[in-house]
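Colleague: Handing you this structure, nothing more for now.
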Amino acid sequence: MAEYFVGDIQGCYEELSRLLEQVRFDPSQDTLWSCGDLVARGPDSLGVLRLFRQLGSAGRTVLGNHDLHLLAVAAGLKRVKPKDRQQALLAAPDLPELLHWLRQQPLLVNFPAQQLLLSHAGLPPHWSLETALRRAQAVCETLQGEHYLDFIGQMYGEKPDEDRPGVGPLEQQVYTVNALTRMRFLHPDGRLDFACKTGPETALGLVPWYRYPGHRLLSSHRIVFGHWAALDGRCDHPNGRALDTGCCWGGNLTFWRAEDERRFTQPSLGL
1 MAEYFVGDIQ
11 GCYEELSRLL
21 EQVRFDPSQD
31 TLWSCGDLVA
41 RGPDSLGVLR
51 LFRQLGSAGR
61 TVLGNHDLHL
71 LAVAAGLKRV
81 KPKDRQQALL
91 AAPDLPELLH
101 WLRQQPLLVN
111 FPAQQLLLSH
121 AGLPPHWSLE
131 TALRRAQAVC
141 ETLQGEHYLD
151 FIGQMYGEKP
161 DEDRPGVGPL
171 EQQVYTVNAL
181 TRMRFLHPDG
191 RLDFACKTGP
201 ETALGLVPWY
211 RYPGHRLLSS
221 HRIVFGHWAA
231 LDGRCDHPNG
241 RALDTGCCWG
251 GNLTFWRAED
261 ERRFTQPSLG
271 L
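Okay, structure coming up:
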């Protein structure tokens, strides 16, 4: 019985299938946890979504920014991007069921026995565990609600980039989405930066979220995250576990096994 975590799949179905074979994944005993971004850029987002849905409790994910964007595109709130290669997915007869399944997925998962947290992009340095779980749950309830598209339509933008006290639920939830699904760098004053996507070595004046001084949750928990292909799976904080190794960009797809911290990789097939 093993728990595997996988970095950003982004439609790379064949690479995912080969990794499942490599580790001899058994859905009756094992669990596969995705860091989010199941869809976009790779050739078979439809196959990836169908696989996770069919796995039931053996296939779990947190929501990434591309997963949320799919909800907006499917509703006509955003234009289809040809580079996302989602035409087959958007034309699929089971699209409504797949989108409904996606909306039920969390933004954050807590593994108390392992002192481990799973988020697509990471966690803000000033949040406590209670705050993180409460804020993520509030967004999930909105996404699962009848009027979720009202929120999706207002979710985009570079603001808010800071977690201001006393704001309304909408602004608070948009910040939560920005932090949990889009965060890479922070400004020295703690504001989110959305522009820089390079590695830490070339980002002058910015701080990787996991290096921010006094990060509360990294002092007590391992944090598993994806979203940042430029890191190529490397995080220099002892409690950070970066898993996005850029499969859809010609890199690798990576599994991380929690029990022994072993990594398994499958090079991109470039399909």
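Residue 1 is where the sequence shown starts when you use the UniProt record's numbering, and the numbers rise one by one after that.
For glycine and all other residues, C-beta sits at the position ideal for the given N, C-alpha and C.
With a 10 Å radius around its C-beta and 16 neighbouring C-beta atoms as the bar for buried, classify Gln115 as buried or exposed.
Modeller: Burial call: exposed.
Colleague: With three or more C-beta pairs closer than 8 Å as the rule, is the region 100-110 touching the region 205-213?
Modeller: Fewer than three beta-carbon pairs drawn from the region 205-213 and the region 100-110 are found closer than 8 Å, and the two stretches are therefore not classed as touching.
Colleague: Taking the CB atoms as reference points, tell me whether Val224 and Cys12 lie closer together than 8 Å.
Modeller: no
Colleague: List the whole-angstrom C-beta distance separating Pro106 from Val62, where the pair is believed to meet the contact cut-off of C-beta under 8 Å.
Modeller: Contact holds; Cβ gap of about 6 Å.
Colleague: Considering only residues of the region 61-147, which uninterrupted alpha helix (DSSP H) runs meet the minimum length of 4 residues and lie entirely inside it, listed in chain order?
Modeller: Taken in chain order, the unbroken stretches of alpha helix (DSSP H) that lie wholly in the region 61-147 and span 4 residues or more are 65-74, 87-90, 95-103, 129-143.
Colleague: Can you round the beta-carbon distance between Ala40 and Gln86 to whole angstroms, since I take them to be within the 8 Å contact cut?
Modeller: 7 Å
Colleague: Only counting the same chain, and skipping five residues up and downstream in sequence, which positions put a Cβ closer than 7 Å to that of Gln54?
Modeller: none
Colleague: Between Asp94, Gln22, Phe185, Arg262, which has its C-alpha nearest Tyr122's C-alpha?
Modeller: Position check: residue 122 holds Gly in this sequence, whereas Tyr was assumed. When each option's Cα is compared against that of Gly122, the closest is Phe185.
Colleague: Consult DSSP for Phe52 and reduce its assignment to one of helix, strand or coil.
Modeller: Note: Phe52 maps to helix in three-state DSSP.
Colleague: Tell whether a beta-carbon distance below 8 Å holds between Ala138 and Gln173.
Modeller: yes
Colleague: Is Cys235 near Tyr210, with beta carbons less than 8 Å apart?
Modeller: yes
Colleague: Please classify Pro169: does DSSP put it in a helix, a strand, or coil?
Modeller: Pro169 carries a helical assignment under DSSP once its states are collapsed to helix, strand and coil.
Colleague: Would you say Leu102 reaches chain D, if we count a Cβ-Cβ gap shorter than 8 Å as a contact?
Modeller: Judged by its chain identifiers, the structure shown contains no chain D, having just a single protein chain.
Colleague: Could you tell me which residues DSSP pairs with Tyr4 in its beta bridges?
Modeller: Leu32, Arg257
Colleague: Write down the C-beta distance between Val6 and Leu180 rounded to the nearest angstrom, noting that I regard them as a contact closer than 8 Å.
Modeller: Actually they do not touch by this definition, with Cβ atoms about 18 Å apart.
Colleague: Check each candidate in Glu162, Phe255, Leu218 and name the one with the smallest Cα separation from His237.
Modeller: Leu218
Colleague: May I have the straight-line CA-CA distance separating Val23 from Asn110, to the nearest angstrom?
Modeller: 24 Å
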